[in-house]
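For the numbering used here, count along the sequence shown from 1 and bump the result up by 2.
Okay, so here's the structure we're looking at.
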Amino acid sequence: MNYLLINPPYVMCGESVISPEAAMLPAGPLAIAASLRERGHQVEFKDYVFSQALPPAIDATKYDGVLLAVHTLRNIPTAKRLLARVQGASYVVAGGNLCSEIGITDFRSLGLQVDAVVRGYGHGVLRELELKITGDIRAGRVDSRMPPANPDLLDDATRLSYWSRSSARYPIIGPGGFGCAWSCNYCTAKMLSKRIERSLADIEREVKIARTHGYREIWCVDNLAFADRGLACEFDSIIEKEGLKWLGMTRAETVWATRNHLGHFRALTDIALGVEAPARQLRELNRKARHNNEELLRQAFSLLHQAGISSTAFVMLDIPGSQDDDYWALIELLSRIRPGNVSWSFYNPPASQAIGLGIDLAQTGFYRWPLGFSVIPDTRVVQYAMIITGTWWMNWAPENFFRESNEFGVEFDQGEIAQDTNARSVVGDLWSIWDYRPAARFPIAPHVGRSLS
Ligand code: B12
Ligand code: SF4
């Protein structure tokens, strides 16, 4: 059969696609394409992340199916605009991370006329695609075999853009496998799946492909890189043999369980752990996961550092109902647990909640602006992000607002940030990610030297 797989842009402004300065290979969609090819199908992969504009029309009459990738809710507006240009498709299927949260009914309510939605991991449901099954397609069980993503499916310019804008970092599912062994009630990242190991042979093939394409670092995107410490060590050896480095994320508990092996890792450079703001609301959100176990986090960061592995704390800003005090409590928490780097993101509500609230998805962008869940003004949330990263936000200066310095190393000099940048790129360092574009809802002009409080 003959398929067209479409990867929509991250964000658009008017008719222009905003080309991200930092991006990652779309490993999931590329893996689906590779899986279909392994079954003897033809797949054309059209990636619009770095296009200047969308094509006026996409003729789909020669394809047996059009596959639409949707990473998060923030992609819905661009996916919708692309789909509106697809003409003559006989079968349209959406898939991707978002589809672990929402299915066909929600897609249709958002105005995306698709025939089917692949829920959760998609590489195990190819038979259903061949049979043109409609509605919600759910895998009975996640397949441990997933062929490596194939960057050769991208045109040369797009492949080069991904390479250059990813700091030569390649995302793959590694030793932690698919899904997650834990079950935190608020979480959708486990992709509707208990933890399933991925075939080590496939992982090894993928690492080799990454090296062949000039990548120097593997970003292990597993929910828990240390879910199995033996496999994590094997993964490390594979990467070392290829002359590459890797980084990943996990939970503090698994760092503790791996403590006697941490010194054996040769190619591992950084481990990230979730550290949320100790806001009352988030404590409630995390009640079951007990993510705020401060002593465990402190020990985990310390164990990593003793083993010569750098660390990153993932923190979330704009948490529902959060206030100034919550933010400063977060800064104090960080000063006690002492991570190496800090990487923040803005709170994204669960997709169904965002749809229910009628959030204007076209305005949410990618890392562009907080969605306004905290009690304090958006501008101040942005100021807080600036403190964590030690960098200005698109020419904004936090003049007059921040007068204190504190133990975490945040220094202010006459109202301006005076500290080194400390957040990792791609997920945290947003001012280097987006070109500044004024937007309708956020008429931001560069306000150098103006107080935003
Ligand atoms: C790498 C990554 C990124 C990269 C690359 C994204 C990309 N286009 O590939 C970057 C850094 C750019 C990114 C950005 C964002 N991300 Co992200 N990202 C991830 C991460 C770490 C791994 C994704 C991955 O590669 N997985 C491995 C592949 C194999 O799995 P997969 O992509 O899910 O693909 C499988 C299935 O989904 C399906 N599938 C995928 N595509 C398609 C297409 C079709 C047609 C079909 C049928 C099936 C299918 O089959 C694949 C194989 O089984 C996940 C966390 C995680 N561990 O999953 C977060 C995650 C998905 N991201 C998340 C978020 C919130 C974002 C941002 C919104 C962050 C922000 N605040 O702005 C942005 C949105 C970017 C955008 N597209 O607009 C959240 C989503 C939470 C949610 N459910 O809303 C996650 C779960 C992290 C988290 N816990 O917060 N992200
Ligand atoms: S451990 Fe992490 S990925 Fe697993 S269910 Fe909890 S929050 Fe989700």
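Virtual Cβ for every residue (Gly too), placed ideally from N, Cα, C.
Around the C-beta of D49, are 16 or more other C-beta atoms found within 10 angstroms, so that it is buried, or is it exposed?
-> Translated into positions along the sequence shown, residue 49 becomes position 47. Buried, because 16 or more other Cβ atoms sit within 10 Å of the Cβ of D49.
Enumerated in chain order, which unbroken segments of the alpha helix (DSSP H) with a length of 4 residues or greater are wholly contained in the stretch 116-155?
-> 128-132
Does the distance from the C-beta atom of P10 to that of T80 stay below 8 angstroms?
-> Counting from one through the sequence shown, the residue named residue 10 turns up at place 8. Counting from one through the sequence shown, the residue named residue 80 turns up at place 78. Yes; because the gap between Cβ atoms is below 8 angstroms, this pair is in contact.
Are there 16 or more other CB atoms within 10 angstroms of the CB of G360, so buried, or fewer, so exposed?
-> Position 358 of the sequence shown holds residue 360. Under this definition G360 is an exposed residue.
Say yes only if the C-beta of K192 is nearer than 7 angstroms to one or more non-hydrogen atoms of ligand 2, and no if none qualify.
-> Against the sequence shown, residue 192 aligns to sequence position 190. Under cutoff, so the answer is yes.
Which class does R171 belong to by DSSP, given the choice of helix, strand or coil?
-> Here residue 171 is taken as the residue at index 169 of the sequence shown, counted from 1. Here R171 sits in strand by DSSP.
Alpha carbon to alpha carbon, how far is A191 from N225? Give it in angstroms, no decimals.
-> For the purposes of this step, residue 225 is identified with residue 223 of the sequence shown, where counting begins at 1. For the purposes of this step, residue 191 is identified with residue 189 of the sequence shown, where counting begins at 1. C-alpha separation (whole angstroms): 7 angstroms.
Relative to ligand 2, is the shortest distance from any of its heavy atoms to the C-beta of S347 smaller than 7 angstroms?
-> As a working mapping, residue 347 is identified with position 345 in the sequence shown. No - ligand 2 has no heavy atom lying nearer than 7 angstroms to the Cβ of S347.
Near L336, what residues of its chain come up, given a Cβ to Cβ distance below 8 angstroms and the 5 sequence neighbours on each side ignored?
-> The count along the sequence shown starts at 1 and reaches residue 336 at position 334. For L336, where only same-chain residues beyond five positions count, the Cβ hits under 8 angstroms are V277, A315, V317, V344 and F410.
Spatial neighbours of W248 within its chain, please: CB distance less than 8 angstroms, with the 5 preceding and 5 following residues excluded, ordered by chain position.
-> Stepping through the sequence shown from its first residue, residue 248 is reached at position 246. Answer for W248: G176, E219, I220, W221, C222, F237, D238, I241, A269, L270 and T271, listed in chain order.
Report the three-state DSSP secondary structure of S312 (helix, strand or coil).
-> Taking the first residue of the sequence shown as 1, we reach residue 312 at position 310. In the structure shown, S312 sits in a strand (DSSP, three-state: E or B).
Using 10 angstroms around the beta-carbon of E296, count the other beta-carbons present and answer buried if the total reaches 16, otherwise exposed.
-> Along the sequence shown, read from residue 1 onward, the residue named residue 296 stands at position 294. So E296 ends up on the exposed side.
Cβ neighbour criterion (16 or more within 10 Å) applied to L133 = Along the sequence shown, one-based indexing puts residue 133 at 131. It counts as exposed.
Between the CA atoms of I34 and S304 - distance to the nearest angstrom = Translated into positions along the sequence shown, residue 304 becomes position 302. Translated into positions along the sequence shown, residue 34 becomes position 32. Looking at the two C-alpha atoms, the distance is approximately 39 angstroms.
Could you tell me whether the stretch 110-117 touches the stretch 81-96, using the rule of 3 or more Cβ pairs below 8 angstroms?
-> yes
Check whether the Cβ of I175 lies closer than 7 angstroms to any heavy atom of ligand 1, and answer yes or no.
-> Residue numbering aside, residue 175 sits at position 173 when the sequence shown is read from its first letter. Answer for I175: yes, Cβ within range of ligand 1.
Kindly list the residues whose CB is nearer than 6 angstroms to the CB of S21, restricted to its own chain and excluding five residues on each side of it in sequence; keep chain order.
-> In the sequence shown, counting from the first residue as 1, residue 21 sits at position 19. These residues qualify, in order along the chain: F52.
Report yes if the C-beta distance between R121 and S102 is below 8 angstroms; otherwise report no.
-> Here residue 121 refers to the residue found at position 119 of the sequence shown. Here residue 102 refers to the residue found at position 100 of the sequence shown. Cβ distance < 8 angstroms, so R121 and S102 count as in contact.
Closest by C-alpha distance to V13, when choosing among A36, Q54 and Q44 = Translated into the one-based positions of the sequence shown, residue 13 becomes position 11. V13 has its Cα closest to that of Q54, out of A36, Q54 and Q44.
Decide yes or no for the touch test of the stretch 166-184 against the stretch 141-153: beta carbon pairs closer than 8 angstroms, at least 3 of them.
-> yes
Would you kindly work out how many angstroms separate the C-alpha atoms of L194 and H266, rounded to a whole number?
-> As a first step, residue 194 must be located in the sequence shown, where it is residue number 192. As a first step, residue 266 must be located in the sequence shown, where it is residue number 264. Taking the straight line from one Cα to the other gives about 33 angstroms.
Cα-Cα separation, R207 to L233 = If you number the sequence shown from 1, residue 207 lands on position 205. If you number the sequence shown from 1, residue 233 lands on position 231. Using only the alpha carbons, I get a separation of about 16 angstroms.
Span of the alpha helix (DSSP H) around Y329 | To locate residue 329, count along the sequence shown from 1; it is residue 327. It spans D326 to I339 - the alpha helix (DSSP H) in which Y329 sits, taken as one unbroken run.
Cβ of A269 versus every heavy atom of ligand 1: is any distance shorter than 7 angstroms?
-> The count along the sequence shown starts at 1 and reaches residue 269 at position 267. Because no heavy atom of ligand 1 lies under 7 angstroms away, the Cβ of A269 does not count as near it: no.
Determine the direct distance from the alpha carbon of V94 to that of V127, and round the result to whole angstroms.
-> What you label residue 127 is simply residue 125 of the sequence shown in a count that begins at 1. What you label residue 94 is simply residue 92 of the sequence shown in a count that begins at 1. For V127 and V94, the distance between alpha carbons rounds to 15 angstroms.
May I ask whether a heavy atom of ligand 1 can be found less than 7 angstroms away from the beta carbon of H43?
-> The sequence position of residue 43 within the sequence shown is 41, counting from 1. The answer is no for H43.
Whose C-beta lies closer than 6 angstroms to the C-beta of Y329 among residues of the same chain, with five residues either side of it excluded?
-> Here residue 329 is taken as the residue at index 327 of the sequence shown, counted from 1. Once the five neighbours on either side are set aside, the close Cβ partners of Y329 are Y386.
6 angstroms Cβ shell around F348 - same chain, five flanking residues per side excluded = As a first step, residue 348 is located in the sequence shown; it is residue number 346 there, counting from the start. Counting only Cβ-Cβ distances below 6 angstroms, and skipping sequence neighbours, we find L319, D320 and P372.
Since G276 is in the beta strand (DSSP E), which residue starts that stretch and which ends it?
-> Within the sequence shown, residue 276 is the residue found at index 274, counting from 1. Element bounds for G276: L270 to G276.
Near K64, which residues of its chain fall below 7 angstroms by C-beta distance, leaving aside the five closest residues on each side in sequence?
-> For the purposes of this step, residue 64 is taken as residue 62 along the sequence shown, with counting starting at 1. Contacts found: N4.
Beta-carbon proximity of L27 to S163, cut-off 8 angstroms | As a first step, residue 27 must be located in the sequence shown, where it is residue number 25. As a first step, residue 163 must be located in the sequence shown, where it is residue number 161. Contact: no.
At what residues does the beta strand (DSSP E) containing G97 begin and finish?
-> As a working mapping, residue 97 is identified with position 95 in the sequence shown. Counting along the chain, the beta strand (DSSP E) containing G97 begins and ends at V94 to G97.
Looking at the structure shown, is L6 part of a helix, part of a strand, or coil, going by DSSP?
-> Within the sequence shown, residue 6 is the residue found at index 4, counting from 1. Three-state result, L6: strand.
Quick one: using the 10 Å Cβ neighbour count with 16 as the cut-off for buried, is W258 buried or exposed?
-> One-based indexing of the sequence shown puts residue 258 at position 256. So W258 counts as exposed.
Contacting residues, own chain, Cβ-Cβ under 8 angstroms from D204 (five flanking each side not counted) | For the purposes of this step, residue 204 is taken as the residue at position 202 of the sequence shown. Excluding positions up to five away in sequence, the list reads R147, M148, P149 and P150.
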